[in-house]
Amino acid sequence: MSKVLIVTGGGRGIGAAAARLAGSRGYAVAVNYHSNSEAANSVVQGIEAGGGKAIAVQADVTTEAGVSSLFETVDRELGTLDALFANAGTLTEYRPIQEIPLADLEQTWSGNISGPFLCAREAAKRMSTTYGGKGGAIVINSSAAARIGGAHGMLAYAASKGATDTFTLGLSIELGGQGIRVNAVRPGLIETTFHDLTGDLERLKKLVGGVPMGRTGTADEVAEAVLWLLSDEASYVSGTHVDVTGAR
Ligand code: NAP
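Using the numbering used here, the letters of the sequence shown correspond one by one to residues 912 to 1159.
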């Protein structure tokens, strides 16, 4: 029997790389996306072409309705949940503290805190041995910004990822006796279009000089860490944050 994995934001970037890798390693993968159905369907088709099983599921994971619909679709179409990669996140335009509107803060908290929180809640209901489940693993996508404070203009993003790290730690403690491991990855500068949301299309080029390994990372390199954390090879690893940053 395939293990069932939900990847939020699995249509593009790091989520897509993790979904593809999971599909190639025998997981039945729910590829969640927000609006880009073409990208999510292409990930699903790639997994199926390799002999794997996957479905694309549209849902805004910052809403109760979206999260319920995502998890209920997976219950129905793939069966008992084993693993969650709470990957989807958001970023607002670069702004100094003096110019950050409340709307940016609310969008950031909603995308980076409420979304993973709601998804982890639904996963815990299904996987907890206390609730009749068979255990499982959760990985949350944090960021090196949580540790380094983010680049200038990304204060809200960095603060939200700091909250993600605390949530990961607290959740691992709360679920430790319920058969569920909880960890985070903290990617550094990874080549995806996510950075364009800041409004600075040269962002990666400008910052790569600060990476000791001298280069940006790839979504595939983050996916490898995620899949290890989800796997039985990491059976005694919980409550930790794995940096994938080229030593940054
Ligand atoms: P990306 O390439 O822009 O992909 C983002 C994915 O998330 C897309 O599939 C998007 O769906 C989905 N998404 C966004 N909001 C959503 C919502 N409300 N509901 C459902 N899906 C939603 O971004 P990425 O670089 O892979 O980033 C993914 C995660 O990694 C984020 O949490 C980010 O903070 C974290 N991270 C990234 C970097 C980096 O350098 N790239 C570094 C550190 C941490 P659509 O395709 O439908 O739009």
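Quick reminder that beta carbons are idealized off the backbone N, C-alpha and C, glycines included.
Opposite residue 1098 in the DSSP bridges: which residues?
1155
When DSSP builds the beta bridges, which residues end up paired with residue 944?
In the DSSP assignment, the residues bridged to residue 944 are 969.
Does the distance between the C-beta of residue 957 and the nearest non-hydrogen atom of the ligand NAP fall short of 8 Å?
No, the Cβ of residue 957 stays beyond 8 Å of every heavy atom of the ligand NAP.
Closest Cβ-Cβ distance between residue 954 and chain D: below 9 Å?
Note that chain D does not occur in the displayed structure, where there is just one protein chain.
What span of residues does the alpha helix (DSSP H) with residue 926 cover, start to end?
From DSSP, the alpha helix (DSSP H) with residue 926 extends over 924 to 935.
Consider the C-beta atom of residue 1068 and the heavy atoms of the ligand NAP; say whether any pair is separated by less than 8 Å.
yes
Please report the straight-line C-alpha distance between residue 1078 and residue 989, rounded to a whole angstrom.
About 27 Å.
To the nearest whole angstrom, what separates the beta carbons of residue 1091 and residue 1047, a pair I think is in contact under 8 Å?
5 Å
Does the beta-carbon distance from residue 1072 to residue 1081 come in below 9 Å?
no
Using the beta-carbon count (16 or more within 10 Å), is residue 922 buried or exposed?
buried
Is the beta carbon of residue 1134 sitting closer than 9 Å to the one on residue 932?
yes
Per DSSP, which one or two residues make a beta bridge with residue 1052?
Per DSSP, 1096.
Looking at the ligand NAP, does it come within less than 8 Å of residue 1023, judged from the CB to the closest heavy atom?
yes
In angstroms, rounded to a whole number, what distance separates the CA positions of residue 1105 and residue 1088?
36 Å
Beta carbon of residue 917, beta carbon of residue 1014: below 9 Å?
no
Write down the C-beta distance between residue 1122 and residue 1159 rounded to the nearest angstrom, noting that I regard them as a contact closer than 8 Å.
Contact between residue 1122 and residue 1159 holds, with the beta-carbon distance rounding to 5 Å and staying under 8 Å.
Taking its Cβ as the centre, do 16 or more other Cβ atoms sit within 10 Å of residue 1063, making it buried, or is it exposed?
exposed
List the DSSP bridge partners of residue 996.
918, 1050
Compare the Cα-Cα distances from residue 1110 to each of 1021, 1004, 986 and report the closest residue.
1004
Whole angstroms are fine: how far does the CA of residue 1009 sit from the CA of residue 994?
When the Cα atoms are used, residue 994 and residue 1009 turn out to be separated by approximately 41 Å.
Just to confirm the assignment: which complete alpha helix (DSSP H) runs, minimum length 4, are found wholly within the stretch 1028 to 1084?
1056 to 1059
Could you say which of 1030, 1041, 1066 lies nearest to residue 1173 if we only look at CA atoms?
Only positions 912 to 1159 of the chain appear in the structure, and residue 1173 is not among them; the question remains open.
For residue 966, which of 983, 942, 972 has the nearest alpha-carbon?
942
How far does the alpha helix (DSSP H) with residue 981 in it reach, from first residue to last?
Secondary structure note for residue 981: its alpha helix (DSSP H) is the uninterrupted segment 975 to 988.
Look up residue 1024 in the DSSP assignment and say whether it is helix, strand or coil.
helix
Ignore the nearest five residues each way along the sequence and tell me which others in residue 1056's own chain have a CB closer than 7 Å to its CB.
1065, 1068, 1069, 1072
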